[in-house]
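Right, one structure below, let's go through it.
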Amino acid sequence: MAAQAGGDDRGSLLAVIGDEDTVTGFLLAGVGNVDLRRKSNFLVVTEKTSVKTIEDAFKEFTTREDIAIIMINQYIANMIRHLLKNYLKPIPAVLEVPSKDNPYDPNQDSILSRVQHMLGAQ
Numbered sequence: 000m001a002a003q004a005g006g007d008d009r010g011s012l013l014a015v016i017g018d019e020d021t022v023t024g025f026l027l028a029g030v031g032n033v034d035l036r037r038k039s040n041f042l043v044v045t046e047k048t049s050v051k052t053i054e055d056a057f058k059e060f061t062t063r064e065d066i067a068i069i070m071i072n073q074y075i076a077n078m079i080r081h082l083l084k085n086y087l088k089p090i091p092a093v094l095e096v097p098s099k100d101n102p103y104d105p106n107q108d109s110i111l112s113r114v115q116h117m118l119g120a121q
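First residue of the sequence shown: 0, per numbering that gives the first Met the number 0; consecutive thereafter.
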């Protein structure tokens, strides 16, 4: 069963764009979902994954009504930073997370930067 959030009976999904370890962890936690059209709520990014594939997955996840949160490894988010900077909708929320091999850098987090800008902190 997929992890759900939101208030309606169907709930909403958490989408994941990440390396194999990150996606596997979330799938083991039960967030994986494949609908009747064979559309999943996750993308495993390897060294062979093109930036276009990552961009397409991000665009798809941000337009799906059944997704409330998109978790993305920060180093992958850096590959599509131009899309993240232009994405302004509150739902689905985009959260950048570290990966096993790439630590979190708060200076690169687009949401943290927006919050700091709104609060006037630098």
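Glycine residues also receive a C-beta, built at the ideal position from the N, C-alpha and C atoms.
- Under the DSSP assignment, residue 96 falls in the beta strand (DSSP E) whose first and last residues are 92-96.
- DSSP, reduced to helix, strand and coil, places residue 49 outside both helices and strands of the structure shown, so it counts as coil.
- It is roughly 16 Å from the alpha-carbon of residue 85 to the alpha-carbon of residue 53.
- Residue range 19-27 is occupied by the alpha helix (DSSP H) that includes residue 24.
- For residue 69, the CB contacts under 6 Å within the same chain, skipping 5 residues up- and downstream, are 14, 60, 91 and 93 in chain order.
- Nearest in C-alpha terms to residue 20, of all of 98, 105, 102 and 111, is 98.
- Considering only 89, 65, 114 and 51, the residue with the shortest C-alpha distance to residue 76 is 51.
- With fewer than 16 other Cβ atoms inside 10 Å of its own Cβ, residue 106 counts as exposed.
- A Cβ-Cβ separation of about 29 Å leaves residue 119 out of contact with residue 72 under the 8 Å criterion.
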